[in-house]
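Using our numbering, the first residue of the sequence shown is number 605, and each one after it goes up by one.
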Amino acid sequence: MKQLQEFIERVILTSRYLLVVFYVGLAASLAIYAVAFVFKLIKTAKVALAGEDMVLPMLVLIDSALISGLIVMVMLSSYENFVSRFDTSATEDSPDWLRRLDPGSLKVKVATALLTISAVQLLQVFLDMEKFTEKQIMWKVIIHMVFIASALCLAGLDRLTTVSAQKLIHKKPDGSEASAPAAPAALPAVPPP
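Here is the structure:
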């Protein structure tokens with residue numbers, strides 16, 4: 605029975621490597637999106653050379669950059685959290701935030717990124733309102749408000765779980781509060797020989 609349990613645990617633990625397929629797929633989609641970005645950039649350059657208003661085309665580029673950053677953040681932090689740690693000893697090319705990002709804070713960062721993307725898209729709508737009906741604008745605003753509420757809820761839950769975890773660390777087994785550890789006593793000064 606013990607061997608069967610060990611085998612099942614090994615299979616479940618090894619199955620996390622199946623996630624690599626998704627992360628490689630995200631990297632491929634990022635490469636395709638980068639090619640599409642170059643075409644958007646060329647289109648923006650044509651608009652600039654024609655002397656037209658640059659605000660909307662620039663918002664499209666900003667939107668693309670935000671989406672790309674979201675893909676990278678999800679890809680790197682999810683791989684680090686669920687598959688394997690990156691070996692950063694060989695290179696200093698690793699983002700500083702990567703080690704500090706747990707699944708809870710990743711959710712908050714993703715919600716914040718989605719909120720920012722939604723805000724940019726809503727700004728695009730407001731700058732080009734004649735292309736949209738009142739009902740379409742209303743639904744875009746409602747969806748944006750849902751993103752705001754979701755981001756606030758996720759941030760609140762993340763903060764609540766962090767505070768709860770810190771309180772649990774400082775509890776004694778009998779449930780009473782543990783005092784903070786005393787500062788180490790200063791060593792007496794040793795006179796030079």
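The C-beta atom is built at its ideal place from N, Cα and C for all residues, glycine as well.
Cα-Cα separation, D667 to T716 = Start at 1 with the first residue of the sequence shown, and residue 667 comes out as number 63. Start at 1 with the first residue of the sequence shown, and residue 716 comes out as number 112. Distance between the alpha carbons of D667 and T716: 14 Å.
How should I721 be labelled, buried or exposed, when 16 other C-beta atoms within 10 angstroms of its C-beta is the threshold for buried?
-> Translated into the one-based positions of the sequence shown, residue 721 becomes position 117. I721 should be labelled buried.
Coil, strand or helix - G708 by DSSP | In the sequence shown, the residue the question calls residue 708 occupies position 104. Note: G708 maps to helix in three-state DSSP.
By Cβ distance below 7 Å, which residues in the same chain neighbour I752 in space, the five residues on each side in sequence not counted?
-> Position 148 of the sequence shown holds residue 752. Excluding sequence neighbours, I752 sits near L719.
How many angstroms separate the CA atom of G863 from the CA atom of A652?
-> Limits of the chain in this structure are 605 at one end and 797 at the other, which puts residue 863 out of reach.
Thinking C-beta only, is L758 closer than 8 Å to V712?
-> What you label residue 712 is simply residue 108 of the sequence shown in a count that begins at 1. What you label residue 758 is simply residue 154 of the sequence shown in a count that begins at 1. Result yes, Cβ atoms of V712 and L758 sit closer than 8 Å.
Distance, Cα to Cα, Q728 vs A669?
-> To locate residue 728, count along the sequence shown from 1; it is residue 124. To locate residue 669, count along the sequence shown from 1; it is residue 65. Using only the alpha carbons, I get a separation of about 15 Å.
Using the rule of at least 16 other Cβ atoms within 10 Å of the residue's Cβ for burial, across every protein chain shown, is D762 buried or exposed?
-> By one-based count along the sequence shown, residue 762 stands at place 158. Classification for D762: buried.
Can you tell me the Cβ-Cβ gap for M679 and L630, rounded? I've got them flagged as a contact below 8 Å.
-> Counted from its first residue, the sequence shown places residue 679 at position 75. Counted from its first residue, the sequence shown places residue 630 at position 26. That belief holds up - the Cβ atoms of M679 and L630 are roughly 5 Å apart, short of 8 Å.
Give a yes or no on whether the C-beta atoms belonging to K644 and L665 are separated by under 8 Å.
-> As a position in the sequence shown, residue 644 is number 40, starting the count at 1. As a position in the sequence shown, residue 665 is number 61, starting the count at 1. Yes, the Cβ-Cβ distance between K644 and L665 is below 8 Å.
CB contact flag (F690, R620, <8 Å) | The residue you call residue 690 lines up with position 86 of the sequence shown. The residue you call residue 620 lines up with position 16 of the sequence shown. Their beta carbons are not under 8 Å apart, which means F690 does not touch R620 by this criterion.
Three-way DSSP call (helix, strand, coil) for R620 in this model | Taking the sequence shown and counting its residues from 1, the one referred to as residue 620 is at position 16. DSSP places R620 in helix when its eight states are reduced to three.
Same chain only: Cβ atoms within 8 Å of L660, ignoring 5 sequence neighbours per side = Here residue 660 is taken as the residue at index 56 of the sequence shown, counted from 1. Excluding residues within five positions, the ones whose Cβ falls inside 8 Å are Q728, L731, D732.
Measuring CA to CA, which of L623, A654, S672, M605 is closest to Y637?
-> Walking along the sequence shown from the start, residue 637 turns up at place 33. It is S672.
What span of residues does the alpha helix (DSSP H) with M733 cover, start to end?
-> Taking the sequence shown and counting its residues from 1, one reaches residue 733 at position 129. Careful: M733 lies outside any alpha helix (DSSP H) and carries neither H nor E.
Taking C-beta to C-beta, are Y627 and S681 nearer than 8 Å?
-> In the sequence shown, the residue the question calls residue 627 occupies position 23. In the sequence shown, the residue the question calls residue 681 occupies position 77. In this structure, S681 does not lie closer than 8 Å to Y627 by Cβ.
Buried or exposed (CB count within 10 angstroms, at least 16 for buried), A587 = The chain is shown only over 605 to 797; residue 587 falls outside these bounds and no answer can be derived.
Output the distance between the C-alpha atoms of T737 and Q725, rounded to the nearest integer angstrom.
-> Here residue 737 is taken as the residue at index 133 of the sequence shown, counted from 1. Here residue 725 is taken as the residue at index 121 of the sequence shown, counted from 1. Rounded to whole angstroms, T737 to Q725 spans 15 Å at the Cα level.
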